[in-house]
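Chains as they are written, first to last, in my numbering: chain A, 1 to 336; chain B, 337 to 849; chain C, 850 to 1128.
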């Protein structure tokens, strides 16, 4: 098992290297000078040139790329061209925010998607099935930013018990232990902070999770239908087992195995969706950080942040593959 | 919103003495020597630090001494002698003395690309006595005091600089009304009152800057009382007309408006001979094609004021004759001029470059429609700032919708860097073609020490520029602040438009004041 | 084949609904000049932000432009986006995938690593970077999304090409000396097209959403193009007081994308059923 794992991990490296090359080329092709953003409109050409020298931007691209890779291998992700702070520090403070959002979204997605899929599968072809299908498709047919604004409007104007932006109310001083607001509040034993963190998490997580939930329900539905058609289910029913026992005790666990691999892909979609969600809800995560970095031509940040995104996605896919294999030895070959 | 008050109290923070200010972007550096003229960081600097002099509220038409108790200016405007106010201390307890002023100004001139040009005339800073600072300039700069009022000229604690070095911006130490508490990137900046402030302690205990890029979110938060003030930077980049309307009808929220000197114009690439706008008739035609009233009163619903020329109406050197002689909406005349220049309807095609965002897009769209009505086909290219600047400096554009925010309250801020032909390609200027006579006039106006003569010279500069039509001057943004009704004492400076919170309080406090 | 389609459509009424929705949208946007009360770019400040009424059935936006007209004309762009981006992604992706699957070897390894790399990118970042690199315009946004979507088709095409090239009749053809291009076209392409095309509607739906998001960020269509995403973005600040300006294009996006998704969903289900039943 561990040799297989090692082999897979090693296999990730060329892909990550390719990601790096792609991002590097991409950022360098984008017109516009990061020194310009830093210095603003009134700066003169020589001031820009001086700053570029300071930021090592005057060296040939090949040299810049190699020095970036060299530093990367030593754990140095470079320095943000905008703030002058090490990218590693900034990412370390922002990554937990995005992961927290993603996990919360995933929880919501599972809580909605699985029951919906099971219900649709059990009443296959019926009215509930059709309604759920259209509802699911409608959820994935709306641009995320519209749902975000709609929810903001709903909770901003009428139901005012949920905050519409931010991660914590400004009067809470965030003392990070793990970097996850909810977890840290628990560890500090601070009930007020815990409730504040959860309340801020709900809206953005719902926006993200809704899409995953919709897709998930469709997959759970077809996986469940497949399972419910199997012989062992018929046998179990013939034996006189309670229907709920059959569905939730036998069919569902088996159905979730192929669904597992889908979650990996949906996770990837979620990382992409996080960018817009973080922007709209002012969530201080990596997505918003990356978007700003692209806007500011903050090359080291764009390179490192995209690398992190790609690495996260690949690791999650790998983890899901491994877990899937553990659960079902038949799935020997990697998915897709 | 009593439920929200409880956690504040648990943290030991009095909500009625805390001001939450929403800003649209994370501040740049909080170090005066590194802050390059962006509105959020500069405002925080203004509240953390003191300058030698500052514009006096409520009219901001004269300078008053802050760290300087009094000053004298030599007749040739080349020597400035400041007597420092005694008994002022930095937040770290060190005294504010002549040496601190010298260190701060030299540091800013050395490190800050903006201040380098402003402080370049400084030949020497003398600190023979601990409470006297004398600045000697290599040439007369009549508006030099205005330069010293900029946030970037604020006085920093030399001890803290020596101790923190590059990391001074992470824990800035000044002598201002508020002290720095903490900063979370992209989230907030927290300030607390400085009880030893020389003008007396502020009435607020805390000022919290909350970063929120979304205008509609800021509106919700303001209506809910989650924030107290939506700072002007938020409204400058947005289209606040509907919000203004809604808030005017809302008794819990006040709308504060003030004129500014922030100019918006459609610039021509004046040094590109191959450009279709090189022909003066074409530039005039485009100036006649714009429906100024529709833009200012209709589209932007009076959230802006009409601008007539290179200087905004709020500037003391503005020549009212310019307003009378300025272009009006005359589409027939536009079409005639275009035909004279050889462009039949539909023949002239232009790319209008501008910044991203709904504000610029909306103004550009309106201009596009105006131009279409006179037979000019305009494409809009909204690009990110670094790209736009790159194109601008390389001269690869014909027309750009751009703006100008003056950082000190003097006509020089608008004219010199923008229109001096010798500086044309060094920054985002109007790229004026070489014109020694005009350059001479501009520099003379810059150096003239007699106020009346100076105004007359700037009058001539404006006339000459108007004759050349280097841009279509559109409007100046109003400074618009949204605040909860109980917030009192907000004072917004002129150029740049920044707010000092020392005098601000919340009305509910009056009972115990 | 035709009988199968009819039977499929009968079993999946949702697909019928979806197809009729698309047909209705196509008709509506084709008839845009007839159905619009005013040209979509006509500025008339007197009607600034008018609510829906007789003169403007969907109301008017900040410039007094008719929202119904903008939705109808914008639909042309949206449909074009869906079709063109998907076609481009399909073409690029399947070309790479087929060649990789058929020839294998070093080309396969390199190509698939490239595909993996691009799939592990958040598509939006790639699209933003590309749109920023090429300059903001609708064409560039579409190119960016097409590039971002191509890897999925590449993967699919490769899998299919792999399985087909192992089939006995293909191996026989190769042994018989049939030229490679002919094999690729006559055998491989013809067989992989159906599975690829089943992906097409879903891909089109996704393409429209992505380009809309880019429009929302300002990196898509430039004014005064009535693209739905860009229209929503420029009017979101007024949505509290004038919801119709953003609601109309928003609903339009929902309906169009939903239609594509309905069709795609039914096709996917039909294919799954087909695969499961013994054949």
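Glycine residues also receive a C-beta, built at the ideal position from the N, C-alpha and C atoms.
Note that the coordinates shown come from a computational prediction; the quantities given were computed from them, not determined experimentally.
(Q) At the 9 Å Cβ level, is residue 1127 (chain C) part of the contact set with chain B, yes or no? (A) Note that residue 1127 (chain C) scores a pLDDT of 48, beneath 50, so its modelled location is shaky; the value from the coordinates is reported in the next line. False, the Cβ-Cβ gap to chain B never drops below 9 Å.
Q) Going by the beta-carbon positions, is the gap between residue 491 (chain B) and residue 432 (chain B) smaller than 9 Å? A) A distance below 9 Å separates the beta carbons of residue 491 (chain B) and residue 432 (chain B).
Q) Under 7 Å Cβ-Cβ, which residues of chain C neighbour residue 479 (chain B)? A) Near residue 479 (chain B) there are no residues of chain C at all, since even the closest Cβ is about 38 Å away, more than 7 Å.
Q | Contact belief for residue 391 (chain B) with residue 813 (chain B) at Cβ below 8 Å, rounded distance in angstroms | A | The beta-carbon distance between residue 391 (chain B) and residue 813 (chain B), rounded to whole angstroms, is 19 Å. This is too long to meet the 8 Å contact definition.
Q: Kindly indicate which residue of B:472, B:456, B:455, B:457 has the alpha-carbon position closest to the one of residue 463 (chain B).
A: Measuring from the Cα of residue 463 (chain B), the nearest candidate turns out to be B:472.
Q) DSSP three-state call for residue 690 (chain B): helix, strand or coil? A) If DSSP states are grouped into helix, strand and coil, residue 690 (chain B) belongs with the strands.
Q. At a CB-CB cut-off below 8 Å, which residues of chain B make contact with residue 1067 (chain C)?
A. Going along chain B in sequence order, the residues near residue 1067 (chain C) (Cβ under 8 Å) are 692, 693, 697, 718.
(Q) Tell me the DSSP secondary structure of residue 736 (chain B) in three-state form. (A) Residue state, collapsed to three classes: strand.
Q) On the three-state DSSP scale, how would you describe residue 20 (chain A)? A) The answer is helix: DSSP assigns residue 20 (chain A) an H, G or I state.
Q: Could you tell me which residues DSSP pairs with residue 418 (chain B) in its beta bridges?
A: DSSP output for residue 418 (chain B) lists B:407, B:469 as bridge partner(s).
Q) How should residue 798 (chain B) be labelled, buried or exposed, when 16 other C-beta atoms within 10 angstroms of its C-beta is the threshold for buried? A) Its Cβ being crowded by 16 or more others within 10 Å, residue 798 (chain B) is buried.
Q. Which of the three DSSP states, helix, strand or coil, is assigned to residue 807 (chain B)?
A. Residue state, collapsed to three classes: strand.
Q: Can you grab the Cα-Cα spacing for the pair residue 1061 (chain C) / residue 531 (chain B), in whole Å?
A: Taking the straight line joining both Cα atoms gives about 52 Å.
Q: Could you tell me whether the region 801-817 of chain B touches the region 534-551 of chain B, using the rule of 3 or more Cβ pairs below 8 Å?
A: Because the criterion of three Cβ pairs below 8 Å is not met, the region 801-817 of chain B and the region 534-551 of chain B do not touch.
(Q) Quick check on the burial criterion: 16 or more other C-beta atoms within 10 angstroms. Buried or exposed for residue 177 (chain A)? (A) In summary, residue 177 (chain A) is exposed, with fewer than 16 beta-carbon neighbours lying within 10 Å of its beta-carbon over all protein chains present.
Q.
Going residue by residue through the region 520-587 of chain B, where are the continuous beta strand (DSSP E) segments of at least 3 residues, counting only ones entirely within it?
A. Segments of the beta strand (DSSP E) lying fully in the region 520-587 of chain B: 524-529, 542-547.
Q.
Measuring straight from C-alpha to C-alpha, what distance separates residue 554 (chain B) and residue 636 (chain B)?
A. Between residue 554 (chain B) and residue 636 (chain B), the alpha-carbon positions lie close to 20 Å from each other.
Q.
Quick check on residue 913 (chain C): buried or exposed, where buried means 16 or more other Cβ atoms within 10 Å of its Cβ?
A. Residue 913 (chain C) should be labelled buried.
Q: Output the boundary residues of the beta strand (DSSP E) element that contains residue 641 (chain B).
A: Segment 640-642, the beta strand (DSSP E) holding residue 641 (chain B).
Q | alpha helix (DSSP H) runs wholly inside the region 467-510 of chain B, at least 4 long, in chain order | A | The region 467-510 of chain B contains these whole alpha helix (DSSP H) runs: 480-484, 494-500.
Q: Compare the Cα-Cα distances from residue 363 (chain B) to each of B:771, B:526, B:430 and report the closest residue.
A: It is B:526 whose Cα lies nearest to the Cα of residue 363 (chain B).
Q.
For residue 591 (chain B) and residue 874 (chain C), I'd like the C-alpha separation in whole angstroms.
A. Roughly 44 Å between the two C-alpha positions.
Q. Can you tell me where the alpha helix (DSSP H) with residue 64 (chain A) in it begins and where it stops?
A. Residue 64 (chain A) -> alpha helix (DSSP H) spans 61-73.
Q) The beta strand (DSSP E) spanning residue 1063 (chain C) covers which residue range? A) For residue 1063 (chain C), no beta strand (DSSP E) encloses it; the enclosing alpha helix (DSSP H) starts and ends at 1039-1065.
**Q.** Close Cβ partners of residue 960 (chain C) (< 6 Å) along its chain, the five nearest in sequence each way excluded
**A.** The residues are 945, 949.
Q. Under a CB-based cut-off of 9 Å, is residue 443 (chain B) close to chain A?
A. Not an interface residue.
**Q.** Minimum C-alpha distance to residue 833 (chain B) - residue among B:706, B:375, B:689
**A.** Closest in alpha carbon position to residue 833 (chain B), among B:706, B:375, B:689, is B:375.
**Q.** Buried or exposed (CB count within 10 angstroms, at least 16 for buried), residue 205 (chain A)
**A.** So residue 205 (chain A) counts as buried.
Q | Cutoff 9 Å: residue 303 (chain A) Cβ touching any chain C Cβ | A | Not one chain C Cβ lies under 9 Å of residue 303 (chain A).
Q) What did DSSP end up calling residue 596 (chain B) once you bin it into helix, strand or coil? A) If DSSP states are grouped into helix, strand and coil, residue 596 (chain B) belongs with the strands.
Q | Contacts that residue 342 (chain A) makes with chain B (C-beta to C-beta distance below 9 Å) | A | Summary: the structure shown does not reach residue 342 (chain A), with chain A confined to residues 1 through 336, and so no result is reported for it.
Q: Output yes if chain B places a C-beta closer than 9 Å to the C-beta of residue 254 (chain A); else output no.
A: Chain B, which has no Cβ nearer than 9 Å to the Cβ of residue 254 (chain A), makes this no.
Q. Looking at the structure shown, is residue 187 (chain A) part of a helix, part of a strand, or coil, going by DSSP?
A. Annotated three-state conformation of residue 187 (chain A) is helix, per DSSP.
Q.
Could you check whether the region 480-500 of chain B touches the region 376-390 of chain B, counting it as contact only if at least three pairs of C-beta atoms, one from each stretch, sit closer than 8 Å?
A. Under the Cβ criterion (8 Å, minimum of three pairs), the region 480-500 of chain B counts as touching the region 376-390 of chain B.
Q | Where residue 152 (chain A) falls, given that 16 or more other Cβ within 10 Å makes a residue buried | A | Classification of residue 152 (chain A): buried, given that the 10 Å Cβ count is 16 or more.
Q: Could you name the residues of the same chain whose beta carbon sits closer than 7 Å to that of residue 1011 (chain C), not counting the 5 residues immediately before and after it, in chain order?
A: 950, listed in sequence order.
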